[in-house]
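Novice:
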Amino acid sequence: MTASAWTDDRIGRLKTLWLEGQTAEQIARDLANGITRSAVLGKVHRIGLSAGRSGRPPKGSDARPKPVGLSPARSLATRPIDARPVVAAEHGLATVLSVRRCQCRWPFGEPGAADFSLCGQPVTRGAFCALHAAVAYRPAADTPRTLDRLALLD
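Position 43 of the sequence shown, counted from 1, bears residue number 43 in UniProt numbering, the numbering being contiguous throughout.
1. On the CB-based measure, 16 or more other CB atoms within 10 Å of its CB, does Leu14 come out buried or exposed?
2. Could you please give the first and the last residue of the uninterrupted alpha helix (DSSP H) stretch that includes Thr7?
3. Measuring alpha carbon to alpha carbon, tell me which residue in Leu49, Ala134, Gly109 is nearest Thr16.
4. Tell me the DSSP secondary structure of Pro111 in three-state form.
5. For Asp82, does the three-state DSSP call read helix, strand or coil?
6. Return the chain-ordered list of same chain residues with a C-beta closer than 6 Å to the C-beta of Glu25, the five sequence neighbours on each side being excluded.
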């Protein structure tokens, strides 16, 4: 029988780090010696810690750049008429390799360039955040209802 990599000390350290808001990847790096991100997530689930923390990291632990506003001319051109002004990032928070399923995939820069990135904000519609969905998903101008209104049939 082989000894488990999960000693009482490691489990205690896992609980402490998890409840502090560390990610599974950070915890795996801290514990080292063969403990992977997946092993951390599995152990967290098995000992019931996954219900003891919200999905968000605690305040102050987010090292990502904060979004900045668009210029007034651009923000008017890229938002729906009845919506409030929206904030967008100058560059993305994710890369092609780091973007997750629930993160906006709006591209920034040229795909072959070293500084190419993706938005990375939480998805609200389709594959995009609220700001980029407003640009990407425009209503069709010539819907049957619009044509009826134009022909004064409505």
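Idealized CB from N, CA, C, for every residue including glycine.
Specialist: Short version:
1. buried
2. Here Thr7 belongs to no alpha helix (DSSP H), and DSSP marks it neither H nor E.
3. Comparing Cα-Cα distances from Thr16 to each of Leu49, Ala134, Gly109, the minimum goes to Leu49.
4. If DSSP states are grouped into helix, strand and coil, Pro111 belongs with coil.
5. Low confidence applies here, because Asp82 scores a pLDDT of 44, under 50, leaving its location unreliable; read the following figure in that light. Correct three-state label for Asp82: coil.
6. Arg37
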